[in-house]
Amino acid sequence: MSTRIKKITALEILDSRGNPTVRVFCGLDNGLCASASVPSGASTGENEAVELRDGDAQRYQGKGVLKAVRNVNSCIAPVLTGLPASQQAEIDRLMLELDGTSNKSKLGANAMLGVSMAVARAAALAAGLPLFAYLGGPGARRLPVPMMNILNGGKHADNSVDFQEFMVMPIGAPSFAEALRCGAEVFHALKKLLAGKGYSTAVGDEGGFAPNLRSNDEACELIVAAIRAAGYEPGKDAGIALDPAASSFSHGQQYDLHKSKQGRKSSAEMTALYSQWIAQYPIVSIEDGLAEHDWAGFQAQAAAIGDRIQIVGDDLFVTNTKFIARGIREKSANAVLIKLNQIGTLSETIQAIELCRKAGWGFVISHRSGETEDDFLADFAVAMGGGQIKTGSLCRSERIAKYNRLLEIEALLGPAAQFSSPF
Ligand code: PGA
Ligand code: ZN
Numbered sequence: 013m014s015t016r017i018k019k020i021t022a023l024e025i026l027d028s029r030g031n032p033t034v035r036v037f038c039g040l041d042n043g044l045c046a047s048a049s050v051p052s053g054a055s056t057g058e059n060e061a062v063e064l065r066d067g068d069a070q071r072y073q074g075k076g077v078l079k080a081v082r083n084v085n086s087c088i089a090p091v092l093t094g095l096p097a098s099q100q101a102e103i104d105r106l107m108l109e110l111d112g113t114s115n116k117s118k119l120g121a122n123a124m125l126g127v128s129m130a131v132a133r134a135a136a137l138a139a140g141l142p143l144f145a146y147l148g149g150p151g152a153r154r155l156p157v158p159m160m161n162i163l164n165g166g167k168h169a170d171n172s173v174d175f176q177e178f179m180v181m182p183i184g185a186p187s188f189a190e191a192l193r194c195g196a197e198v199f200h201a202l203k204k205l206l207a208g209k210g211y212s213t214a215v216g217d218e219g220g221f222a223p224n225l226r227s228n229d230e231a232c233e234l235i236v237a238a239i240r241a242a243g244y245e246p247g248k249d250a251g252i253a254l255d256p257a258a259s260s261f262s263h264g265q266q267y268d269l270h271k272s273k274q275g276r277k278s279s280a281e282m283t284a285l286y287s288q289w290i291a292q293y294p295i296v297s298i299e300d301g302l303a304e305h306d307w308a309g310f311q312a313q314a315a316a317i318g319d320r321i322q323i324v325g326d327d328l329f330v331t332n333t334k335f336i337a338r339g340i341r342e343k344s345a346n347a348v349l350i351k352l353n354q355i356g357t358l359s360e361t362i363q364a365i366e367l368c369r370k371a372g373w374g375f376v377i378s379h380r381s382g383e384t385e386d387d388f389l390a391d392f393a394v395a396m397g398g399g400q401i402k403t404g405s406l407c408r409s410e411r412i413a414k415y416n417r418l419l420e421i422e423a424l425l426g427p428a429a430q431f432s433s434p435f
């Protein structure tokens, strides 16, 4: 049975924020067809691959993606048509060659990633395998522990909280299904606590609450209280993972905690603050605690607290092997946030993960704040087997789609499914 690519086409669709994004369809000459949709970030790292937008103010405030769609239809499709869909590495390499830039600014990382993902899905279909088994092989059976973003501050909320994301992480759960239940119960307990205090329970882009809290500390205290109220033990059943997204409040060498009125802090003072928080709250992981330029600060932070918690680089590494290799050399962190669209092809994303594995580093497969109903990420997390996924809160269907797919995968694997804390 032939599994050659017969047709690749792209479509401009909307993401969860109502902004245009790219969906790509990959048809094979055996009649099978698959599609994939590309996510989009808001607090993006400076070194991310280029997300091509039209810049035509007459359409979607300049955010249209018709150029990227055209690049798929007119530039990429003719080159890939006729190739076996199973040749993922070669397909990604050909797109890189066709683009020819260091940051994918010619074709657009959104165009390239859409194709890369759709081809993988089509190949999995043709092989008669679920996507996680096609990408991860017969050994792919580890479900990820979810980091669930339930409370927001920073640029994602109009309140007195400087840090962007406060996540609950059910590290003591026996299965993915139980971890998800724990997250959902904590989410609902938190909603009740917030309402009881007269706070808003409206949710942000990733489904987390964004009430007008008084301080960063109050956010941690509320999550601890919600974990308890839901009947779980903080630190044992569920921990807290933070993504301060510190690039967004850094100015030069300083960190400006202006929302909480704590003033400017040095990199060392930020690390001292985190160190104090680790002692006070059940924090298991901190992502982007410092800004993307602060390599020296990251190194000092990892030396100071890297033996107690997971230190994750997101904006710092942008899923790029060049920056991850530097981080490994300089001991800047001990884990990497993995976002497919930061680098723009499936093959390069897998290379980034391989580098993490070789160094003994952790990695967290992550969504973006702008998502679609595509659940590719769930299969990808199981395929890569790193044991961690970050895909938002316990509401909003573009987030829940990934969780529901993970439930399906766990059920499909049955007793073969594995679930264990990555720490
Ligand atoms: P983004 O946010 O998708 O807007 O970049 C998520 C994050 O910072 O991890
Ligand atoms: Zn982040």
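Take the sequence shown: its position 124, counted from the start at 1, is 136 in the numbering used here, and no numbers get skipped. Even for Gly, the Cβ is constructed at its ideal location relative to N, Cα and C.
For the ligand ZN, no non-hydrogen atom lies closer than 7 Å to the CB of Glu422.
In this chain, Arg29 is not harboured by any beta strand (DSSP E), its DSSP state being neither H nor E.
Taking one beta carbon from each stretch, the segment 253–265 and the segment 284–303 have 3 or more pairs nearer than 8 Å; the two touch.
For Glu299, the CB falls within less than 7 Å of some heavy atom of the ligand ZN.
The C-alpha of Asp268 lies about 34 Å from the C-alpha of Tyr244. With 16 or more other Cβ atoms inside 10 Å of its own Cβ, Asp111 counts as buried. A contact between stretches requires three or more CB pairs, one per stretch, nearer than 8 Å, and the segment 343–356 meets this requirement with the segment 377–388.
For the 8 Å CB-CB criterion, Gly219 and Pro158 do not form a contact. Excluding residues up to 5 positions away in sequence, Thr331, Ile350, Leu352 and Ile355 lie with their Cβ nearer than 7 Å to the Cβ of Thr361 in the same chain. Within the chosen limit of 7 Å, the ligand ZN does not reach the beta carbon of Leu328 with any heavy atom.
Fewer than three Cβ pairs drawn from the segment 145–164 and the segment 53–70 lie within less than 8 Å of each other, which leaves the two stretches out of contact. The beta carbon of Ala189 is closer than 7 Å to those of Leu419 and Glu422 in its chain, skipping five residues each way along the sequence. For Val394, the three-state secondary structure derived from DSSP is helix.
By the 16-neighbour rule on beta-carbons within 10 angstroms, Gly309 is buried. Using a cutoff of 7 Å, the CB of Leu389 does not count as near the ligand ZN, since none of the ligand's heavy atoms is closer than that. Using a cutoff of 7 Å, the CB of Asp174 does not count as near the ligand PGA, since none of the ligand's heavy atoms is closer than that. Counted as a single uninterrupted DSSP element, the alpha helix (DSSP H) harbouring Val81 occupies residues Leu78 to Arg82.
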